[in-house]
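For the sequence shown, counting from 1, position 17 maps to 87 in this note's numbering; every step adds exactly one. Think of the CB as a built atom: it goes at the ideal place given N, C-alpha and C, for glycine as much as any other residue. Written out below as structure tokens is the structure these notes cover.
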Amino acid sequence: MEDLEDIAKKEISFYDENRRQPSDEGCFIYGTLFVMFASGATMLYHVYQNQIDSLIQYFLK
Numbered sequence: 071m072e073d074l075e076d077i078a079k080k081e082i083s084f085y086d087e088n089r090r091q092p093s094d095e096g097c098f099i100y101g102t103l104f105v106m107f108a109s110g111a112t113m114l115y116h117v118y119q120n121q122i123d124s125l126i127q128y129f130l131k
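Have a look at this one:
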């Protein structure tokens, strides 16, 4: 029978191999924020499309 120390080492190594890295969390959060920002900007553009287009034409003159 394995002694407790070997079992603990196996458990710890298994945890270390399968642990999510901190960079994954940050990437997920920033990705979510980017998607929210992009969808919000798209929605605002569709709501105010005529005003934005006339503003762009005004600056391009």
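Rounded to the nearest whole angstrom, the C-alpha separation of L74 and F104 is 47 Å. With a cutoff of 9 Å on beta-carbon distance, I122 and Y115 are scored as near each other. Judged by DSSP secondary structure, D123 falls within the alpha helix (DSSP H) whose first and last residues are Q119 to L130. A straight line joining the alpha-carbon of F129 with that of Y118 spans about 17 Å. Assigned with DSSP and collapsed to three states, D76 falls in helix.
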